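Novice: Under mature numbering (1 follows the signal peptide of the UniProt record, and there is no 0), residues -25 to -1, 1 to 207 are what the sequence shown spells out, in order.
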Amino acid sequence: MKAMLLLQRTWVLTASLATLHGCVADPKIGECNMTYFITGGFSCQRKMVSDLKHKPNANCSVEYQDQTSCLVDHLKSCLTGLFAGFVPAVTSLIKLLLYHCGDLKVDPALIDQFLLNQIQCKGSVFAQTVECWNDFRERFNRDKTDPKLCSDYAVAKECVTREAKTGCAIGQYVNRDLFNPFCTYNTDPPLNSSEPSIYIGSCTTQTFATSAYSCQRKMITNLAKKNSPTCR
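#1: CA-CA distance, residue 97 and residue 3?
#2: Excluding five sequence neighbours on each side, which residues of the same chain lie with their C-beta closer than 7 Å to the C-beta of residue 129?
#3: Determine whether the beta carbon atoms of residue 101 and residue 153 lie at a separation below 9 Å.
#4: How far does the alpha helix (DSSP H) with residue 61 in it extend, from its first residue to its last?
#5: Need the endpoints of the alpha helix (DSSP H) that residue 92 sits in, please.
#6: Among the residues of its own chain, which have a CB less than 7 Å from the CB of residue 133, if the five just before and after it don't count?
#7: Three-state secondary structure (DSSP) at residue 157?
#8: For the alpha helix (DSSP H) containing residue 24, name the first residue and the last one.
#9: How would you call residue 29, buried or exposed, if buried means at least 16 neighbouring beta carbons within 10 angstroms?
#10: Looking at residue 143 and residue 73, is the spacing between their C-beta atoms short of 9 Å?
#11: On the CB-based measure, 16 or more other CB atoms within 10 Å of its CB, does residue 104 come out buried or exposed?
#12: Taking C-alpha atoms, which residue in 149, 158 and 159 lies nearest to residue 9?
#13: Cβ atoms of residue 5 and residue 54: under 9 Å apart, would you say?
#14: Based on the DSSP output, what are the partners of residue 209 in its beta bridges?
#15: Would you check if the distance between the CB atom of residue 85 and the CB atom of residue 65 is smaller than 9 Å?
#16: With distances taken from CA atoms, which of 39, 81, 90 and 34 is nearest residue 21?
#17: Hey, is residue 131's beta-carbon within less than 9 Å of any beta-carbon in chain D?
#18: So, with DSSP's three-state summary, where would you put residue 162?
Now the structure itself:
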């Protein structure tokens, strides 16, 4: 019975991930489309990094556990039914992409080979992504008010994104999360003028995000001044 259930889970996951190798614009992983699946993981990282920056006595180990719990809850909402059994393995894999406190080690030979095969990923990719955070973490641990953290955090995220895109089939759906609590308006700066800009209408994503954060800040400021009981 257990063997049959495992076989069913494997077949369902294989069928779902097979769309990654085709031309589907936004394939589904369990109950979630790929966009929500990826951005949900990023939202857990956003909270951890923001709390580390803004909480006076934030403890990285505690915040990392919260990030992991957030990630597990997110994956459970996507990987339901026959997919539920894959939550631990997928959690372990995604944790290798997100920010960590420096004690996360990875042996590519020990990564779930079934998942690597399904997403056509090289295990060595994750050994690299774990290292992408080193420079940012060292600067942050020295002084979390250092203005250079703005660019260092953006560079670290770009490093993870680049490794994922070059070493995994699923990487085509992974884009750098522009949220950056160390920068003005909480958004990444341009990293390399030689890289092509991504546009939303006539604006680059950086300009679009900056404007959105500016509007949000203005709204919150006005609400505070007016002491309004409603945000409408």
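Glycine residues also receive a C-beta, built at the ideal position from the N, C-alpha and C atoms. None of the values given here were measured: they were computed from a predicted structure.
Specialist: Looking at the atomic coordinates:
#1: Cα to Cα, the separation comes out at about 22 Å.
#2: So the list reads 155, 163, 164 and 166, once near-sequence residues are dropped.
#3: no
#4: Boundaries for residue 61: no alpha helix (DSSP H) harbours it, and the DSSP string shows neither H nor E there.
#5: Where residue 92 is concerned, the enclosing alpha helix (DSSP H) starts and stops at 88 to 93.
#6: Within its own chain, the residues whose Cβ lies closer than 7 Å to the Cβ of residue 133, once the five positions on either side in sequence are excluded, are 151 and 166, listed in chain order.
#7: coil
#8: 9 to 29
#9: Flag for residue 29 reads exposed.
#10: no
#11: buried
#12: 149
#13: Going by C-beta atoms, residue 54 is nearer than 9 Å to residue 5.
#14: No information on residue 209 is available, as it lies outside the stretch -25 to 207 that the chain covers here.
#15: no
#16: In terms of Cα proximity to residue 21, the closest of 39, 81, 90 and 34 is 39.
#17: Reference to chain D is not applicable here, since this structure consists of a single protein chain.
#18: strand
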